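Asks: Note that the protein sequences, when read in sequence, are chains B and R. Under full-length UniProt numbering, the first residue of the first sequence carries the number 1, and numbering increases by one thereafter. Under full-length UniProt numbering, the first residue of the second sequence carries the number 1, and numbering increases by one thereafter. Below are the structure tokens for one structure; questions will follow.
Number of protein chains: 2
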Amino acid sequence: MTGDRRPGRPRSEATRRAILAAAIDELTERGYAQLSVEGIAARAGAGKQTIYRWWPSKADVVLDAMLDEAASLIAVPDEGSLAADLAGFLVDTFRQRGQRPVLVGLMAEALLDPVFAVQFRDRFLFGRRDALRTVLARAADRGEIAADVDPEMLLDIVFGVLWYRLLLDHAPLDEEAGRQLATLVVRAAR
Amino acid sequence: MTGDRRPGRPRSEATRRAILAAAIDELTERGYAQLSVEGIAARAGAGKQTIYRWWPSKADVVLDAMLDEAASLIAVPDEGSLAADLAGFLVDTFRQRGQRPVLVGLMAEALLDPVFAVQFRDRFLFGRRDALRTVLARAADRGEIAADVDPEMLLDIVFGVLWYRLLLDHAPLDEEAGRQLATLVVRAAR
DNA sequence: TCAATTCGATACGAACCGTCTCGATACTAA
DNA sequence: TTAGTATCGAGACGGTTCGTATCGAATTGA
Numbered sequence: 001m002t003g004d005r006r007p008g009r010p011r012s013e014a015t016r017r018a019i020l021a022a023a024i025d026e027l028t029e030r031g032y033a034q035l036s037v038e039g040i041a042a043r044a045g046a047g048k049q050t051i052y053r054w055w056p057s058k059a060d061v062v063l064d065a066m067l068d069e070a071a072s073l074i075a076v077p078d079e080g081s082l083a084a085d086l087a088g089f090l091v092d093t094f095r096q097r098g099q100r101p102v103l104v105g106l107m108a109e110a111l112l113d114p115v116f117a118v119q120f121r122d123r124f125l126f127g128r129r130d131a132l133r134t135v136l137a138r139a140a141d142r143g144e145i146a147a148d149v150d151p152e153m154l155l156d157i158v159f160g161v162l163w164y165r166l167l168l169d170h171a172p173l174d175e176e177a178g179r180q181l182a183t184l185v186v187r188a189a190r
Numbered sequence: 001m002t003g004d005r006r007p008g009r010p011r012s013e014a015t016r017r018a019i020l021a022a023a024i025d026e027l028t029e030r031g032y033a034q035l036s037v038e039g040i041a042a043r044a045g046a047g048k049q050t051i052y053r054w055w056p057s058k059a060d061v062v063l064d065a066m067l068d069e070a071a072s073l074i075a076v077p078d079e080g081s082l083a084a085d086l087a088g089f090l091v092d093t094f095r096q097r098g099q100r101p102v103l104v105g106l107m108a109e110a111l112l113d114p115v116f117a118v119q120f121r122d123r124f125l126f127g128r129r130d131a132l133r134t135v136l137a138r139a140a141d142r143g144e145i146a147a148d149v150d151p152e153m154l155l156d157i158v159f160g161v162l163w164y165r166l167l168l169d170h171a172p173l174d175e176e177a178g179r180q181l182a183t184l185v186v187r188a189a190r
């Protein structure tokens, strides 16, 4: 790779991190609706153009920031049974506190901007989906999933409940809920 | 009631309908992200102030428009079995075509504006949720739902999958999907 | 030394926001 | 008929954010 051997001033890693941190801070303090590129630049001590040079939109900044700090902690449990794996996956997912404002903001942006929606799906949503798909495939090999059950529908049930509760905030998203959901999915799969 | 016996020029029903229709037309033609109060007013041949006098935000206009034309077609099937009732409810729901842009726009707005989120939940989401809760209550009376199963979690499974597929648009939301989901829920409930 | 590139900063036009004002219109009450 | 009241369409207004363009300074490789 000759990527970082080009002439000219190199990209500032310090500024990059300052922008990502400023985006998360602004988002959690004032909410996604109040988030602006100008606000991020001001808090980061950077120019607007520096942001637009590297990210197509503020949503991409937030997505990068989240992926950076989450470091893709997609654990793929393998406890030997679908019930244990599912419960582990859900409890592990629900344990991540304080991410709701970020996730809700990213989803809102994805609903409004089809271009960003692709980024959001490919770089975040489908990653976690693939992890759970692996879990289901192992369960199918063990005969825990009936032949007439579409694994994709099971995936949609798990992530559907997860996102529905996250977005509406009408019911808890805790370990108890995780165990409940895991039990029902195991039963549905037969 | 003396409500429509006040002094002064009465509210124009024609203008009200023109605004609601203009909102839906603008939304479906250009998308929710491009929807503006100025655009609605221009297309409706109305003044901006006329919109702001009756609705707090553009999202409330869209919500009113949708509730107006949908006329709250919340059917509560009663076929004698949970399987049949669920399949009926889902197939009936999925049959409503062309509503995706409207629903996605309303959800996006609800995620960004907590005040509107309350309107959205109370005037739309909870209405359909109540209908399905009635279906589940009857099934419970018939002994089709195990005692250890929380009906609220079953509701979240149904609406979770519905909204997850609607928002992400990664899998079909057709009658086949409805039957599949109904089968799984019946199994989960035992 | 020189060309290339990024940096922070700021100016710019465009769009839309929500408020306000205007004269015209349509209704009630006296 | 007249006075009072509320709505109507239209548009001006200041404010905010957008995304682009431009500036001189800073930092690199050749």
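Virtual Cβ for every residue (Gly too), placed ideally from N, Cα, C. Nothing here was measured: the structure is a model prediction, and the numbers come from that model.
Where do the ends of the alpha helix (DSSP H) carrying Y32/R lie?
Replies: Numbered from its first residue, the second sequence carries residue 32/R at position 32. Careful: Y32/R lies outside any alpha helix (DSSP H) and carries neither H nor E.
Asks: Tell me, to the nearest whole angstrom, how far the beta carbon of T158/R is from that of L125/R; I am working on the premise that it is less than 8 Å.
Replies: Position 158 of the second sequence holds residue 158/R. Position 125 of the second sequence holds residue 125/R. Rather than Thr, the amino acid found at residue 158/R in this sequence is Val. About 12 Å separates the two Cβ atoms, so there is no contact after all.
Asks: Just the Cα atoms here: how many angstroms apart are T2/B and R121/R?
Replies: On the first sequence, residue 2/B is found 2 positions in, with the first residue counted as 1. On the second sequence, residue 121/R is found 121 positions in, with the first residue counted as 1. Only weak support exists for where T2/B lies, its pLDDT of 45 falling under 50; the coordinates are left without a value.
Asks: Using a Cβ cut-off of 7 Å, pull out every chain R residue sitting near F159/B, in sequence order please.
Replies: Locating residue 159/B in the first sequence gives position 159, counting from the first residue. Near F159/B (Cβ distances below 7 Å), the residues of chain R are Y164.
Asks: Identify the contact partners of A33/R in chain B, using a Cβ-Cβ distance below 7 Å as the criterion.
Replies: Position 33 of the second sequence, counting from 1, holds the residue named residue 33/R. What A33/R touches in chain B: L112 and D113.
Asks: Could you pull out every residue in the same chain whose Cβ sits closer than 7 Å to the Cβ of A108/B, ignoring the five residues on either side in sequence?
Replies: If you number the first sequence from 1, residue 108/B lands on position 108. Closer than 7 Å at Cβ, skipping near neighbours: Y32.
Asks: Using beta carbons (cut-off 8 Å, strictly below), is A171/R in contact with chain B?
Replies: Within the second sequence, residue 171/R is the residue found at index 171, counting from 1. By this cut-off, A171/R is an interface position.
Asks: Any contact between the segment 88-103 of chain B and the segment 64-79 of chain B? By contact I mean 3 or more CB pairs, one from each, below 8 Å.
Replies: Because the criterion of three Cβ pairs below 8 Å is met, the segment 88-103 of chain B and the segment 64-79 of chain B touch.
Asks: List, in chain order, every chain B residue whose beta-carbon is nearer than 7 Å to that of E144/R.
Replies: Here residue 144/R corresponds to residue number 144 of the second sequence, with the count starting at 1. Under the 7 Å cutoff, chain B gives no residues; its nearest Cβ is about 13 Å from E144/R.
Asks: May I ask you to report which of helix, strand or coil DSSP gives L171/B?
Replies: Against the first sequence, residue 171/B aligns to sequence position 171. Per the sequence shown, the amino acid found at residue 171/B is Ala instead of Leu. Of the three classes helix, strand and coil, the one that applies to A171/B here is coil, per DSSP.
Asks: Is R100/B close to chain R? Criterion is C-beta to C-beta, closer than 8 Å.
Replies: As a first step, residue 100/B is located in the first sequence; it is residue number 100 there, counting from the start. No, because no Cβ of chain R sits closer than 8 Å to the Cβ of R100/B.
Asks: Counting only Cβ pairs nearer than 9 Å, list the residues of chain R close to M153/B.
Replies: Position 153 of the first sequence, counted from the start, is the residue given in the question as residue 153/B. Within chain R, the residues near M153/B are V161, A171, A177, Q180, L181 and L184.
Asks: Determine, using beta carbons only, whether M66/B comes closer than 8 Å to chain R.
Replies: If you number the first sequence from 1, residue 66/B lands on position 66. No, its Cβ sits nowhere closer than 8 Å to a Cβ of chain R.
Asks: Could you have a look at D150/B and say whether DSSP puts it in helix, strand or coil?
Replies: Residue 150/B sits at position 150 when you count from the first residue of the first sequence. D150/B falls in the coil class under three-state DSSP.
Asks: Taking the alpha helix (DSSP H) that D141/R belongs to, which residues open and close that run?
Replies: For the purposes of this step, residue 141/R is taken as the residue at position 141 of the second sequence. That run of the alpha helix (DSSP H) goes F126 to D141.
Asks: What do you reckon, is the C-beta of L73/B under 7 Å from a heavy atom of the ligand ATP?
Replies: The ligand content of the structure shown is nil, which means the ligand ATP is not present either.
Asks: My output table needs one value for L73/R: the three-state DSSP class, helix, strand or coil.
Replies: As a working mapping, residue 73/R is identified with position 73 in the second sequence. Coil.
Asks: Just verifying my parser: in three-state terms, what is the DSSP assignment at W54/B?
Replies: Here residue 54/B refers to the residue found at position 54 of the first sequence. Three-state DSSP puts W54/B in a helix.
Asks: Quick test of your reading: A189/R and A146/R, contact by CB under 8 Å. State the CB separation rounded to the nearest angstrom.
Replies: As a position in the second sequence, residue 189/R is number 189, starting the count at 1. As a position in the second sequence, residue 146/R is number 146, starting the count at 1. Right, their Cβ atoms sit about 7 Å apart.
Asks: Grab the span of the alpha helix (DSSP H) containing G105/R for me, first residue to last.
Replies: Start at 1 with the first residue of the second sequence, and residue 105/R comes out as number 105. From DSSP, the alpha helix (DSSP H) with G105/R extends over R100 to L112.
Asks: Does the Cβ-Cβ distance between R179/B and L173/B come in under 8 Å?
Replies: In the first sequence, residue 179/B corresponds to position 179, counting from 1. In the first sequence, residue 173/B corresponds to position 173, counting from 1. Not in contact: R179/B and L173/B (Cβ atoms no closer than 8 Å).
Asks: Indicate the three-state DSSP secondary structure (helix, strand or coil) for R190/R in the structure shown.
Replies: Counted from its first residue, the second sequence places residue 190/R at position 190. Coil, per DSSP.
Asks: Output the boundary residues of the alpha helix (DSSP H) element that contains A46/B.
Replies: Counting from 1 along the first sequence, the entry for residue 46/B is found at position 46. Per DSSP, A46/B belongs to no alpha helix (DSSP H) and is neither H nor E.
Asks: Check the Cβ of R9/B against every Cβ in chain R and list those closer than 7 Å, keeping chain order.
Replies: One-based indexing of the first sequence puts residue 9/B at position 9. Neighbours of R9/B on chain R: none; closest Cβ ~36 Å, over 7 Å.
Asks: Alpha carbon to alpha carbon, how far is D169/R from R100/R? Give it in angstroms, no decimals.
Replies: On the second sequence, residue 100/R is found 100 positions in, with the first residue counted as 1. On the second sequence, residue 169/R is found 169 positions in, with the first residue counted as 1. Distance between the alpha carbons of R100/R and D169/R is about 10 Å.
Asks: Going by beta-carbon coordinates alone, are L167/B and L154/R separated by less than 8 Å?
Replies: As a position in the first sequence, residue 167/B is number 167, starting the count at 1. As a position in the second sequence, residue 154/R is number 154, starting the count at 1. Not closer than 8 Å, so no.
Asks: In terms of alpha-carbon separation, which member of D113/R, R128/R, E13/R and I19/R lies closest to R30/B?
Replies: The sequence position of residue 30/B within the first sequence is 30, counting from 1. Nearest of D113/R, R128/R, E13/R and I19/R to R30/B, Cα basis: D113/R.
Asks: If you follow the alpha helix (DSSP H) that D85/B is in, where does it begin and where does it stop?
Replies: Position 85 of the first sequence, counted from the start, is the residue given in the question as residue 85/B. From DSSP, the alpha helix (DSSP H) with D85/B extends over L82 to F94.
Asks: How many angstroms separate the CA atom of A139/R from the CA atom of S81/R?
Replies: Mapped onto the second sequence, residue 139/R falls at position 139. Mapped onto the second sequence, residue 81/R falls at position 81. Answer to the nearest angstrom: the Cα atoms are 7 Å apart.
Asks: Drop a sphere of 10 angstroms on the beta-carbon of L106/R, count the other beta-carbons inside from all chains shown, and report buried for 16 or more, exposed for fewer.
Replies: Counting from one through the second sequence, the residue named residue 106/R turns up at place 106. Label assigned to L106/R: buried.
Asks: Would you verify that the beta carbon of R123/B is, or is not, closer than 8 Å to some beta carbon of chain R?
Replies: Within the first sequence, numbered from 1, the residue matching residue 123/B stands at position 123. No, R123/B lies away from the interface with chain R (no Cβ there is under 8 Å from its Cβ).
Asks: How would you list, in chain order, the residues of chain R whose beta-carbon sits under 8 Å from the beta-carbon of D60/B?
Replies: As a position in the first sequence, residue 60/B is number 60, starting the count at 1. Those within 8 Å of D60/B in chain R number zero; the least Cβ separation is about 16 Å.
Asks: Please state whether DSSP places A16/R in a helix, a strand or coil.
Replies: Here the question's residue 16/R lines up with position 16 in the second sequence. The question names Ala, yet the displayed sequence has Arg at residue 16/R. The answer is helix: DSSP assigns R16/R an H, G or I state.
Asks: Just to confirm before moving on: does the CB-CB distance between L63/B and R123/B stay below 8 Å?
Replies: As a position in the first sequence, residue 63/B is number 63, starting the count at 1. As a position in the first sequence, residue 123/B is number 123, starting the count at 1. Yes. Within cutoff.
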